[in-house]
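Q: Quick one: structure below, then a few questions.
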Amino acid sequence: MESARVSSIENQKRAKPFLRWAGSKRKQLARLGSFWSPLHARYVEPFAGSACLFFDLAPSVAILGDNNCALIDLYRVVRDEPERVYRRLCRIRRDSDTYYRWRKKKPNALDPESRAVRFLYLNRNCFNGIFRTNVKGEFNVPIGVRPGEYFSKEDLILCASLLKRAKLVAGDFAKTLEHVKAGDFVYLDPPFALQSRRMFRHYGVRSFQTTDVPRLADALRTIVAAGADFLVSYADCAEARGLARRWNAIRLPIARHVGGFADRRRRAYEWLITNMTLPALD
């Protein structure tokens, strides 16, 4: 009965990510999706974040990885118990005292399901969906002013059904890329690390750094050598221009909304870098 209900939901609507995430590509899905083909063997994403492109494309087989182990643990629990997670989430009050009480809880002292509920509750109620930790690795984002409504139970069940198609990998992006084979499509959207200016650290203390850019460049060559296709999203900066010179690339305008600061809510540019032929883009 449950599988029939999921199939019915899948036929009616497209999945949407259930996480709020700084740097999300929700407004670029049509553009990014034009690089994907059903002929690709698998969808691979080593910087999953909210996985909005994965949920939008709904590939039959996928590999999702992220350096944020708590995020991958959340995906595992949602995959297995979406209704229990939703039920527990909706029982928690959405006020300041409750928020800071849950933020204060030590994840390691909780069972996996409670850790997942905590992660999801904080994400949906914190300021701008930012994931930020202090030097001790403790989540320290304040409560948001207008966090908005939750997704529906049906939305979460649909996401869970898609997560069942994915191998989930916790760790450095190189760990996920070890699985790449001929025919795969690899989408890489690392946290933007720019040498030219200080960036707001909204992905945690172990986030992607400028020192990782050469490793990323090496990884792209390895992907191509394996016979796979790749697409990289990166901010308009010296690091991206260095990558763009080696591959097919296009610089496109975007609206960036990261951090909630006035000077970060303005028109910006990003590069799309690929070993594929560039499709016609708006």
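Numbering (the working numbering), first residue to last: 80 to 361. Ideal placement from N, C-alpha and C gives every residue a C-beta, glycine not left out.
(1) Distance cutoff 8 Å, beta carbons only. Does Asp-159 sit that close to anything in chain C?
(2) Are there three or more Cβ pairs, one per stretch, closer than 8 Å when the stretch 124-137 is compared with the stretch 253-273?
(3) Determine the burial state of Pro-332: buried for a count of at least 16 other Cβ atoms within 10 Å of its Cβ, exposed for fewer.
(4) What would DSSP say about Ser-175, mapped onto helix, strand or coil?
(5) Assign Ala-323 to buried or exposed, taking buried as 16 or more other Cβ atoms, counted over all protein chains shown, within 10 Å of its Cβ.
(6) Return helix, strand or coil for Ile-209, following the three-state DSSP convention.
(7) How is Tyr-313 classed by DSSP in three states: helix, strand or coil?
(8) On the premise that Cys-131 lies in contact with Arg-155, defined as a C-beta separation below 8 Å, what is that separation, rounded to the nearest angstrom?
(9) In terms of alpha-carbon separation, which member of Pro-293, Ala-239 and Gln-107 lies closest to Glu-349?
(10) Since Phe-264 is in the beta strand (DSSP E), which residue starts that stretch and which ends it?
(11) Over what stretch of residues does the beta strand (DSSP E) that includes Asp-145 continue unbroken?
(12) Which value, in whole angstroms, describes the spacing of the CA atoms of Leu-143 and Lys-246?
(13) Under the assumption that Lys-260 contacts Ala-109 (Cβ atoms under 8 Å), give the Cβ distance between them as a whole number of angstroms.
(14) Taking Phe-97 as the reference, give the member of Ala-328, Ala-239 and Ile-222 with the closest Cα.
(15) Tell me which residues share the same chain as Ser-275 and place their Cβ nearer than 8 Å to its Cβ, disregarding the 5 neighbours each side in the sequence.
(16) What are the residues that DSSP puts in a beta bridge with Phe-218?
(17) Cα separation between Asp-176 and Asn-219?
(18) Would you mind sorting Thr-356 into buried or exposed? The rule is 16 or more other CB atoms within 10 Å of its CB.
A: Let me lay it out:
(1) Given the protein chain composition of this structure (a single chain), no chain C is represented.
(2) Yes, they touch.
(3) Here the question's residue 332 lines up with position 253 in the sequence shown. Result: exposed.
(4) For the purposes of this step, residue 175 is taken as residue 96 along the sequence shown, with counting starting at 1. DSSP, reduced to helix, strand and coil, places Ser-175 within a helical segment of the structure shown.
(5) Position 244 of the sequence shown, counting from 1, holds the residue named residue 323. Buried.
(6) As a working note, residue 209 is residue 130 in the sequence shown. Looking at Ile-209 - three-state DSSP - the assignment turns out to be coil, as it is neither helix nor strand.
(7) Taking the sequence shown and counting its residues from 1, the one referred to as residue 313 is at position 234. Here Tyr-313 carries a strand assignment [DSSP, helix/strand/coil].
(8) Position 76 of the sequence shown, counted from the first residue, corresponds to residue 155. Position 52 of the sequence shown, counted from the first residue, corresponds to residue 131. About 19 Å separates the beta carbons of Arg-155 and Cys-131, which is beyond the 8 Å limit, so they are not a contact pair.
(9) Working through the sequence shown from its first residue, we reach residue 349 at position 270. In terms of Cα proximity to Glu-349, the closest of Pro-293, Ala-239 and Gln-107 is Gln-107.
(10) As a working note, residue 264 is residue 185 in the sequence shown. 264-267 is the span of the beta strand (DSSP E), which, as asked, contains Phe-264.
(11) For the purposes of this step, residue 145 is taken as the residue at position 66 of the sequence shown. Unbroken beta strand (DSSP E) run through Asp-145: 141-145.
(12) What you label residue 143 is simply residue 64 of the sequence shown in a count that begins at 1. What you label residue 246 is simply residue 167 of the sequence shown in a count that begins at 1. Going by C-alpha positions, Leu-143 is about 6 Å away from Lys-246.
(13) Taking the first residue of the sequence shown as 1, we reach residue 260 at position 181. Taking the first residue of the sequence shown as 1, we reach residue 109 at position 30. Ala-109 and Lys-260 do not touch by the CB rule: their CB atoms are close to 27 Å apart, not below 8 Å.
(14) Counted from its first residue, the sequence shown places residue 97 at position 18. Of the listed residues, the one whose Cα sits closest to Phe-97 is Ala-239.
(15) In the sequence shown, residue 275 corresponds to position 196, counting from 1. A caution first: Ser-275 carries a pLDDT of 46, below 50, which makes its placement in the model unreliable, though a value can still be read off. Its chain contains Cys-316 and Ala-317 as the residues whose beta carbon lies nearer than 8 Å to that of Ser-275, once the 5 sequence neighbours on both sides are disregarded; these appear in chain order.
(16) Along the sequence shown, read from residue 1 onward, the residue named residue 218 stands at position 139. Looking at the DSSP assignment, Phe-218 forms a beta bridge with Thr-212.
(17) Looking up residue 176 in the sequence shown gives position 97. Looking up residue 219 in the sequence shown gives position 140. Rounded to whole angstroms, the separation of the alpha carbons of Asn-219 and Asp-176 is 15 Å.
(18) Here residue 356 corresponds to residue number 277 of the sequence shown, with the count starting at 1. Exposed is the call here.
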